[in-house]
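Quick note on our numbering: the sequence shown kicks off at 9 and runs consecutively.
Glycine included, each C-beta is placed from N, C-alpha and C at the ideal position.
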Amino acid sequence: MLTLGACIYLLVGLCLVVVGPVARSLSDQVSRIRGSDLANALTGREKVPDGKLLAFRLTLSIVFALLWPLILVSVLREKTKADTEQRAWKLRVESGIEFSRMGGAGAIHCSACGFEQDLVSFTHGYTDDGERCCDQSCQCLSCGKFIAVHGIGEPAHFTVTSCECGGELSRDHVLFCPKCRSRDLRYDMHFIT
Ligand SMILES: [Zn+2]
Ligand SMILES: [Zn+2]
9 MLTLGACIYL LVGLCLVVVG PVARSLSDQV SRIRGSDLAN ALTGREKVPD
59 GKLLAFRLTL SIVFALLWPL ILVSVLREKT KADTEQRAWK LRVESGIEFS
109 RMGGAGAIHC SACGFEQDLV SFTHGYTDDG ERCCDQSCQC LSCGKFIAVH
159 GIGEPAHFTV TSCECGGELS RDHVLFCPKC RSRDLRYDMH FIT
């Protein structure tokens, strides 16, 4: 009975290293060790010999086949986490535009009321003294006004930290129209630095 149980356990392990999420995880590990030709060329890393790669794959397959319940739980947990993060990201992208996804400088258009404004999402450069500097915009979470701020140094030091209405300035939120507060905004980038 014990032998039959061990045989079934090993059989399941062997199946899992051939197909399914455990097999995919194994292939990912091998690919990571192999690296792409382009990445190897860029980093100057030597190609891993096929023999070593095969030995690594075999060793990993044996470990995965023997410890498959642990590997399976870990792989499924990672997959659930990745799926949740992807769903959250998709929802956020669908809900509107954000500074983190807007490059350079351009204009905001509100599809609900027609409001338009030019603004700098983020540009960077150097001062006359050779110090790093950047220009970016924030939005007041209370009145909705877009405020341009200039930062000097690295990390950048900003002189403006709050809106004249007393509201908090933010760059980490889904933007809304200052006029009608709709989130149905569009950003057209004009240039980037
Ligand atoms: Zn509007
Ligand atoms: Zn304000």
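Heavy atom of ligand 2 within 6 Å of residue i beta-carbon
i	result
Cys141	no
Gly175	yes
Ser170	no
Ser35	no
Ser178	no
Cys148	yes
Lys98	no
Where residue i falls, given that 16 or more other Cβ within 10 Å makes a residue buried
i	result
Ala73	buried
Val168	exposed
Leu183	buried
Leu34	buried
Gly21	buried
Closer than 6 Å: residue i CB and nearest ligand 1 heavy atom
i	result
Ser103	no
Phe123	yes
Lys187	yes
Ser190	yes
Cys118	yes
Pair within 7 Å by beta-carbon distance, residue i and residue j
i	j	result
Gly114	His181	no
Met110	Tyr195	yes
Val30	Ile79	yes
Leu193	Gly175	no
Cys188	Ala120	yes
Could you pull out every unbroken alpha helix (DSSP H) segment of at least 4 residues lying fully inside the stretch 71–150, listed in chain order? Restricting attention to alpha helix (DSSP H) runs no shorter than 4 residues, the stretch 71–150 encloses them at 76–103, ordered along the chain.
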